[in-house]
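Below: the structure, in structure tokens.
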Amino acid sequence: MKELTLYIDKWYIIGAVCTDGVPRLVIPDNKEDRYWLYFYEDTTNNEIVYGKDNQSHYRNNEPHYYGDIFSKMTQSDSHFLYYNRKQELCDIFKASRILASLRESMDMTETETVETYVSFSKDISDDARFLFLTKVLGQNHFYVKESVARIEHLTLEHSVRNNKLKDDGFILVLNACNENLHVSLFKKQEKDCVLQNEMVLDGYGRDLRSRALLEDVVGCINQRTNFCHLLQILKKNI
Numbered sequence: 335m336k337e338l339t340l341y342i343d344k345w346y347i348i349g350a351v352c353t354d355g356v357p358r359l360v361i362p363d364n365k366e367d368r369y370w371l372y373f374y375e376d377t378t379n380n381e382i383v384y385g386k387d388n389q390s391h392y393r394n395n396e397p398h399y400y401g402d403i404f405s406k407m408t409q410s411d412s413h414f415l416y417y418n419r420k421q422e423l424c425d426i427f428k429a430s431r432i433l434a435s436l437r438e439s440m441d442m443t444e445t446e447t448v449e450t451y452v453s454f455s456k457d458i459s460d461d462a463r464f465l466f467l468t469k470v471l472g473q474n475h476f477y478v479k480e481s482v483a484r485i486e487h488l489t490l491e492h493s494v495r496n497n498k499l500k501d502d503g504f505i506l507v508l509n510a511c512n513e514n515l516h517v518s519l520f521k522k523q524e525k526d527c528v529l530q531n532e533m534v535l536d537g538y539g540r541d542l543r544s545r546a547l548l549e550d551v552v553g554c555i556n557q558r559t560n561f562c563h564l565l566q567i568l569k570k571n572i
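Just so you know, we're using my numbering here: the sequence shown kicks off at 335 and counts up by one.
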């Protein structure tokens, strides 16, 4: 049995195909490790191109480049050009072939239904989530079986199941997959991890894909914000 699992961040999408419970990372057509949500509107060739190469152009406010899609797609006046016609911004996922690429990873045609599990970053608003689930996925034959818990909770559950977290008590989780640092305090009791409190440190996010960065990030933040005391602050406010 095949299922598609998506993690949706404000700047990228990571996909995995799960076959009988065994996950395999989805590799986009451009061979990047994720679907970076920076888009170029190629009006000459009538193409919408996604990828991290577009990031700097978008940051420089160059014309025909798009980013921060989830914040803008809820605005009625937001659009992009495709074949010289204005299109709703939520249609950019289809126009750029991101949806087609996800289908191809499942070996499914355009009309077949893709069973999908979705987890959203906290940075994405409820309105944007609703649009993505209904208009982007739902109207393109992606059947969302479940919009699951946030990635922090899923990570803890995975660690508990694999006996990497054995002792009961409080667990502080850092999520720095974009520019903001999300701090969550969970309480583990037996096999359950329950969210107790959370906070966001704007601008303190770093990409922690390289494990070697972890000590540097925590040390740096601790010097500037007395980070290690956050655990006590969060526990006091439970």
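Note that the Cβ used here is the ideal one computed from N, Cα and C, for glycine as well. As the structure is a prediction and not an experimental result, all values here were calculated from the model.
Can you list, in chain order, the residues of its chain whose CB lies under 6 Å from that of residue i, leaving out five sequence neighbours each side?
i	result
I348	Y341, R368
E486	V507, N509, S518
Y477	T447, E449
Is it right to say residue i is buried, meaning 16 or more other beta carbons lie within 10 angstroms of its own, or is it exposed?
i	result
R437	buried
F464	exposed
W345	buried
L359	exposed
M533	exposed
D343	buried
Mind checking which residues open and close the beta strand (DSSP E) that includes residue i?
i	result
K386	No beta strand (DSSP E) holds K386; DSSP gives it neither H nor E.
E337	336 to 342
For residue i, tell me which candidate among the options has the shortest Cα-Cα distance.
i	options	result
H398	E366, W370, N388	N388
P357	Y451, K365, S412, E381	Y451
V448	H475, H391, G537, L415	H475
K500	K469, D526, T468	D526
E491	Q523, G385, D460, N514	Q523
S455	G537, T339, H516	H516
I'd like the span of the alpha helix (DSSP H) that includes residue i, first residue to last.
i	result
D460	460 to 465
L433	432 to 439
Using a Cβ-Cβ cutoff of less than 7 Å, which residues in the same chain neighbour residue i once the five nearest sequence positions on both sides are dropped?
i	result
L354	The sequence as given places Asp at residue 354; Leu does not occur at that position. Counting only Cβ-Cβ distances below 7 Å, and skipping sequence neighbours, we find M335.
M407	L423, C424, A462, L465
Leaving out the 5 sequence neighbours to the left and right, which residues in its chain are closer than 8 Å to residue i when beta-carbon positions are compared?
i	result
D376	I382, V383, H398
K479	E337, E449, T450, Y451
E366	G385, K386
Length-filtered (3 minimum) beta strand (DSSP E) runs lying within the segment 353 to 412: 356 to 359, 373 to 376, 381 to 384
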